[in-house]
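Report on the following structure.
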Amino acid sequence: MKDDPKIDFSTVLASAVHDMKNSLCMLIQSIEHLGQSSAQDNPEQADELASLHYEASRLNTNLLQLLSLYRAEKHQLPLTIEENFVSDVVEEMLAKNELYIEKKGLTVELDVAEDLCWFFDLDLIGNLLNDIFINAMRYSKNLIKISAAIKDDQLEITIEDNGNGYPQNMLELIDMPMQELNLTTGRTGLGLFFARMIANAHKNNKKTGKIELSNGGIYKGSIFKLMLP
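Start counting the sequence shown at 4; every next residue gets the next number (this note's numbering).
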């Protein structure tokens, strides 16, 4: 009798994560439909559904990050660099989070030219920005601003809010290696590691993409910047 082949747990986990992500996407769509149906008849229920939608979106983002990290470890991270309209990425992000934005009374200001184009991986950058936006929705008081412009031959996308800003430990996580992340705390820094990994994967003319975190600005809250060469 032959021994069973050694099980690659990371591959099994990645397969399970993929299945969970697909099921979660269906759940999010159902929540959106229920939220729209309850908007007029039962505002309290609509608020609960908005919160549920937010948490499901966070979980979906985390699963996407896990899949990307697995593929990066296996050197299989798909990177499709094409020219995209930045406004399309932002509009899709707002559409995904429309239910939560509306029910929580958030104001989202945009400073993104409709004809602004750049070369990047649409799915990866879309997921990166959506994760940052979800966190901004959670910690802002009522206002988020998204802006994009070309500066020094790079695309710079900024998401800022009027919350209390990033705590010091989050600011210190920006350059921390993956193996040093503290997975026992509530804010592990996994999302920041994912954002940095995706930004760094974008290279052009010997320049590499990067992210920056800071506090202050016009709204005295947190400021996230993504720079792509």
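All C-beta atoms in this analysis are idealised placements derived from N, C-alpha and C, irrespective of residue type, glycine included. It should be emphasised that the depicted structure is a prediction, and the values quoted were computed from it without experimental measurement.
Check: residue i C-beta below 8 Å from any heavy atom of the ligand ATP
| i | result |
| --- | --- |
| L62 | The ligand ATP is absent from the structure shown, which contains no ligand whatsoever. |
Outcome for residue i when other beta-carbon atoms lying within 10 angstroms are tallied against a minimum of 16
| i | result |
| --- | --- |
| M4 | Caution is warranted here: a pLDDT of 44 is assigned to M4, below 50, making its placement in the model unreliable, and the coordinate value is therefore given only provisionally. By the neighbour-count rule (16 or more Cβ atoms within 10 Å), M4 is not buried but exposed. |
| K99 | buried |
| G108 | exposed |
| D156 | exposed |
| N138 | buried |
| D167 | First, the residue type needs correcting, since residue 167 is Asn and not Asp in the sequence shown. Exposed, by the Cβ-count rule. |
| G224 | buried |
| I128 | buried |
| Q171 | exposed |
| M29 | exposed |
Residue range of the unbroken beta strand (DSSP E) whose run includes residue i
| i | result |
| --- | --- |
| A204 | From DSSP, A204 is part of no beta strand (DSSP E) but of the alpha helix (DSSP H) over 193-204. |
| D124 | 120-124 |
Proximity winner among the options, relative to residue i (alpha-carbon distances)
| i | options | result |
| --- | --- | --- |
| N207 | P81, S225, M230, E117 | M230 |
| L52 | I31, L127, E117 | I31 |
| V89 | D118, R61, L80, K106 | D118 |
| L27 | Q48, N65, D50 | N65 |
| K2 | Q171, L176, W121 | Within the shown structure, residues of the chain are numbered from 4 to 232, placing residue 2 beyond reach of any answer. |
| I34 | G224, D22, Y222, L55 | L55 |
| R199 | G220, F227, K223 | F227 |
| E94 | E215, Y142, A116 | A116 |
| A151 | S143, N25, E163 | E163 |
| H205 | G220, L216, L131 | L131 |
| F197 | M173, G220, Q68, T161 | Q68 |
| N87 | E112, E101, L97, F123 | F123 |
| N145 | N165, Y73, I135, D134 | N165 |
| L102 | A59, L72, L113, V92 | A59 |
| L193 | A202, S143, L176, K209 | L176 |
For residue i: DSSP bridge partner residues
| i | result |
| --- | --- |
| D134 | D134 is not bridged to any residue. |
| L216 | F227 |
| I34 | Paired residues: none, contrary to the question. |
| S90 | Partner(s): none; S90 has no beta bridge. |
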